[in-house]
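See below for the structure under consideration.
In this note's numbering, the protein residues as written are 754 to 1011.
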């Protein structure tokens, strides 16, 4: 259990998010004790801010998005300052769903009363323009098309609640065992499938019968046409009889005498 929860007993249901919260607290301590040689002064604070953002996002998603923790657990995290309450309040407003920090939208922190460049929508920037917020390392947290899902570009920008829920669903599907016999719903479904198959087979048989009948009718028509052609050829032969051999011989003799 983290050091912040020693003064007050956490409510029931906190054990569901406790492993992730403890892992983030341990990671935060490691980054705070990590040497800063070779880094800019602002870069040494990026992991601390990013882990704080990830912890707040985890609790926010578990309560508002996935409904996996109770109001008591959520209020406990806020009262014990395990999460950034002001940042969570901004996430509830349209246009601030991926806000990296409240510092980036405070116009008093920048010249000319503006905000940080990470709040500019990605589709309004040039394609080759790379930005990174000075105080948190945010690459762009504005809402709209083309924005980054992982605003920090590392493991601290991942949505841990979504990953945890996906793993739970996968584990439940892999460990699920079905009985040998079908349930009533499955049994009815199988009967419907069988009836559908037989009805489809009946339609196919009727179509085959119609096809065979059409083929037989075509064959009969072809036979009748061939018979009519033979009758016509016989009539032509009767009207123009073939010359006999005697007639052929007589005509040949007459031609020689002439």
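Where is the CB? At the ideal position from N, CA and C, for every residue including glycine.
Original post:
Would DSSP call residue 761 helix, strand or coil?
Top reply: Counting from 1 along the chain shown, the entry for residue 761 is found at position 8. Coil.
Subject >> C-beta contact flag for residue 808 and residue 826 at 9 Å >> reply: On the chain shown, position 55 is the one that residue 808 refers to. On the chain shown, position 73 is the one that residue 826 refers to. Judged by their CB atoms, residue 808 and residue 826 are not nearer to each other than the 9 Å cut-off.
Original post:
Grouping DSSP H, G and I as helix and E and B as strand, with all else coil, what is residue 788?
Top reply: As a first step, residue 788 is located in the chain shown; it is residue number 35 there, counting from the start. DSSP places residue 788 outside both helix and strand once states are collapsed to three, so it counts as coil.
**OP:** Return the CA-CA distance between residue 801 and residue 780, expressed in angstroms with no decimal places.
**Re:** Here the question's residue 801 lines up with position 48 in the chain shown. Here the question's residue 780 lines up with position 27 in the chain shown. Whole-angstrom Cα-Cα distance: 9 Å.
Original post:
Is it true that the CB of residue 886 sits closer than 9 Å to the CB of residue 854?
Top reply: Walking along the chain shown from the start, residue 854 turns up at place 101. Walking along the chain shown from the start, residue 886 turns up at place 133. Between residue 854 and residue 886, the CB-CB gap stays under 9 Å.
Original post:
In its own chain, which residues sit with a C-beta less than 6 Å from the C-beta of residue 889, not counting the 5 before and 5 after it?
Top reply: As a first step, residue 889 must be located in the chain shown, where it is residue number 136. Contacts found: 802, 853, 854.
Original post:
Would you call the stretch 813 to 829 and the stretch 868 to 878 touching, i.e. three or more CB-CB distances under 8 Å?
Top reply: Touching, no, given that fewer than three Cβ pairs across the two stretches are closer than 8 Å.
**OP:** For the alpha helix (DSSP H) containing residue 796, list its first residue and its last residue.
**Re:** Counted from its first residue, the chain shown places residue 796 at position 43. According to the DSSP assignment, residue 796 belongs to no alpha helix (DSSP H), since it is labelled neither H nor E.
Original post:
Starting from residue 832 and walking both ways along the alpha helix (DSSP H), at which residues does that stretch end?
Top reply: Locating residue 832 in the chain shown gives position 79, counting from the first residue. Where residue 832 is concerned, the enclosing alpha helix (DSSP H) stretches over 824 to 832.
Subject >> Cβ-Cβ separation, residue 900 to residue 851 (assumed contact under 8 Å), whole Å >> reply: If you number the chain shown from 1, residue 851 lands on position 98. If you number the chain shown from 1, residue 900 lands on position 147. So it is a contact: roughly 7 Å between Cβ atoms.
Original post:
Quick one: Cα of residue 877 to Cα of residue 771, how far?
Top reply: In the chain shown, counting from the first residue as 1, residue 877 sits at position 124. In the chain shown, counting from the first residue as 1, residue 771 sits at position 18. Going from the Cα of residue 877 to the Cα of residue 771 covers about 40 Å.
Original post:
On the three-pair Cβ rule with 8 Å, is the stretch 808 to 818 touching the stretch 912 to 931?
Top reply: With a cut-off of 8 Å, the stretch 912 to 931 and the stretch 808 to 818 count as touching, because enough Cβ pairs lie within range.
Subject >> Where residue 869 falls, given that 16 or more other Cβ within 10 Å makes a residue buried >> reply: Numbered from its first residue, the chain shown carries residue 869 at position 116. Buried, since its Cβ has 16 or more Cβ neighbours within 10 Å.
Subject >> Closest by C-alpha distance to residue 918, when choosing among 815, 891, 792 >> reply: As a first step, residue 918 must be located in the chain shown, where it is residue number 165. Per the Cα distances, 815.
**OP:** Would you tell me roughly how many angstroms separate the C-alpha atoms of residue 863 and residue 925, rounded to the nearest one?
**Re:** Reading the chain shown from its first residue, position 110 is the one you call residue 863. Reading the chain shown from its first residue, position 172 is the one you call residue 925. A direct Cα-Cα distance of roughly 49 Å separates residue 863 from residue 925.
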